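Contents: one structure, followed by commentary.
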Amino acid sequence: MEKKHNHRRSIDTMVIHDGYDSKQFQGSLTPPLYQTSTFTFETAEQGERRFAGDEDGYIYSRLGNPTVKVLEERIAQLENGEAALAFGSGMAAVSAVLIALTKANDHIICSQGIYGCTFGLLSMMKEKYNIHTDFTSMETEEQIRSLIKPETALIYVETPINPTMKLIDLELVVKVAKEYDIPVVVDNTFSSPYLQQPLNIGCDIVIHSATKYIGGHGDVIAGLVVGPMDFLDEVSMTTQKDVGGIISPFDAWLLLRGLKTLPVRLDRHCSNAKKITEKLKEHPMVSKVYYPGDPDHADYPIMKKQMKQGGGLVSFEIKGDKRDAQQFLNSLSFISIAVSLGDAETLIQHPATMTHAVVPEESRLKMGITDQLIRLSVGLESWEDIWKDLKQALDQLAKMQNPAY
Ligand code: LCS
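Numbering (the working numbering), first residue to last: 6 to 410.
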């Protein structure tokens, strides 16, 4: 699987202009919203030609829509891929890729730690189709090499990993995968193309939950896949068309709006997350802080190598047990207790009982998800206000555990 061209202009410009030519849309500055389910044919013969693929043109919005097309072209350019497809959720994107790349009895190598529902999907694929997954921390070439089998269909990587913020060295994974001609699929949700571009490192397919940083405003559920044209043509004619988890034109339009400010938003998410990390590390109720942009983070050298900055998510462990973690969340004032991430609002959640509750306890602990682990999606508010809220809740917890605090 080969990649295309290098970026011709800065990503700050690309998020605003790529994939759209206003001249083709009556000068409309903003891509028009084609809120339509179907497209009329001038004649029956034209309908026949379009279905036969002998004439370009739209047929039905599950098979393609002009607003969605602009989004797909823009994200393909941003990730430096040949083509892209949009889906109705990140999980629709993940499942479309996994179904397209596997058949019964195949094998998958996966990073030790992934989003809970992706773990759930891999478990279902094992039960239904005997597709077995080996999880590994992928720290050395040998670790990966030792797991490769003739039936290994793909290597699936999340980096940074949800919610432990561990990183996988993509260059190392690609090196081994190329030796065996195994495609590498990267869930790039936590970084967005602004912070990390896996295809430029040699990975084959990128997936996004566009619900997060790409949308950026907490109002859309959507997914994206970027990769080689031949692979995506196949997905569009199979899992996208026939399973049908497509995006609505309005949601594609909202994503195009959100994308324009991706670099500006992420710069603030990252600088806020850095400040909050420094403060958390100093608080006596916090035992561990995981932020890839922190020079003390074990994977900081990998961050420097493959990411522009550390991202907007910080995970940390508090002193205490599950009830203390819940008490801490309940004591927050404006920070919202909610799953999802990448929104303007700071969001906080308890992975063991929320995003990763579906993962059996043993696997969860292997991933590093303890009952004390909290995940914070640092928003765009003033970092001082975010810290003030976290600090008062941590202080309350300290007083509860030690009245003399
Ligand atoms: N991949 C990653 C890394 C994710 O974090 C999520 C959702 C998905 C895929 C699935 O995307 P969706 O279908 O929700 O658009 N992660 C969530 C989370 O951490 N909290 O709530 C959802």
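Quick reminder that beta carbons are idealized off the backbone N, C-alpha and C, glycines included.
Values in this document were obtained by computation on a predicted structure and should not be read as measured data.
query, result
"Start-end ranges of the beta strand (DSSP E) lying completely within the segment 69-95, minimum 3 residues", "88-92"
"Segment contact, 8 Å Cβ cut-off, at least three pairs: the segment 332-352 with the segment 375-392", "yes"
"Option nearest GLY223 by Cα separation, candidates THR35, ALA343, VAL189, LEU83", "ALA343"
"Reference ARG262, options GLU78, GLY220, ALA182, closest by Cα", "GLY220"
"Nearest-angstrom Cα separation, counted from HIS112 out to ALA57", "36 Å"
"Whole-Å CB distance - ALA105 paired with THR243, under 8 Å assumed", "6 Å"
"Whole alpha helix (DSSP H) elements within the segment 148-217, 4-residue minimum", "175-185, 197-200, 203-206"
"Closest residue to LEU103 among ILE64, VAL319, LEU237, TYR305 (Cα-Cα distance)", "LEU237"
"For GLN397, the first and last residue of its enclosing alpha helix (DSSP H)", "388-406"
"Heavy atom of the ligand LCS within 8 Å of PHE140 beta-carbon", "no"
"Other residues of its chain near SER276: CB distance less than 7 Å, five sequence neighbours each side excluded", "none"
"Identity of the residue in ALA158, ILE281, SER66 nearest THR138 by Cα", "ALA158"
"Residue closest to ASP61, alpha-carbon to alpha-carbon, out of VAL73, VAL75, ILE149, PHE46", "PHE46"
"heavy atom of the ligand LCS below 8 Å from ASP224 C-beta", "no"
"DSSP three-state assignment for THR107, whether helix, strand or coil", "coil"
"THR216 Cβ short of 8 Å to the ligand LCS heavy atom set", "yes"
"Residue range of the beta strand (DSSP E) that includes ASP139", "137-141"
"Bridge partner(s) assigned by DSSP for TYR295", "SER320"
"Proximity of LEU395 and ALA330 at Cβ, strictly below 9 Å", "no"
"Identity of the residue in LYS180, PHE195, MET405 nearest ALA308 by Cα", "As written in the sequence, residue 308 is Met, which differs from the Ala given in the question. MET308 has its Cα closest to that of PHE195, out of LYS180, PHE195, MET405."
"N-terminal and C-terminal residue of the alpha helix (DSSP H) that HIS274 is part of", "267-287"
"Three-way DSSP call (helix, strand, coil) for THR43 in this model", "strand"
"With 16 other Cβ atoms within 10 Å as the buried cut-off, status of PHE124", "buried"
"Where HIS355 falls, given that 16 or more other Cβ within 10 Å makes a residue buried", "buried"
"First and last residue of the uninterrupted alpha helix (DSSP H) at SER128", "121-134"
"Contact under 9 Å by Cβ, VAL179 with VAL189", "yes"
"Bridge partner(s) assigned by DSSP for HIS22", "DSSP, once it has assigned bridges, lists no residue as partnering HIS22."
"Endpoints, the alpha helix (DSSP H) within which ILE307 is located", "305-311"
"Rounded separation between HIS12 and PRO289 - CA only", "Any reading at HIS12 needs caution, since the residue's pLDDT is 49, under 50, leaving its predicted position unreliable; the model's value is listed next. Approximately 46 Å, taken between the alpha carbons."
"Local Cβ density within 10 Å of VAL363, reported as buried at 16 or more and exposed below that", "exposed"
"Assigned secondary structure, GLN354 (DSSP; H/G/I helix, E/B strand, else coil)", "strand"
"N- and C-terminal bounds of the beta strand (DSSP E) containing GLY232", "228-232"
"Contact set for THR41: own chain, Cβ-Cβ below 8 Å, skip 5 residues either direction", "SER66, ASN70, PRO254"
"Other residues of its chain near GLY86: CB distance less than 6 Å, five sequence neighbours each side excluded", "LEU204, VAL231, GLY232"
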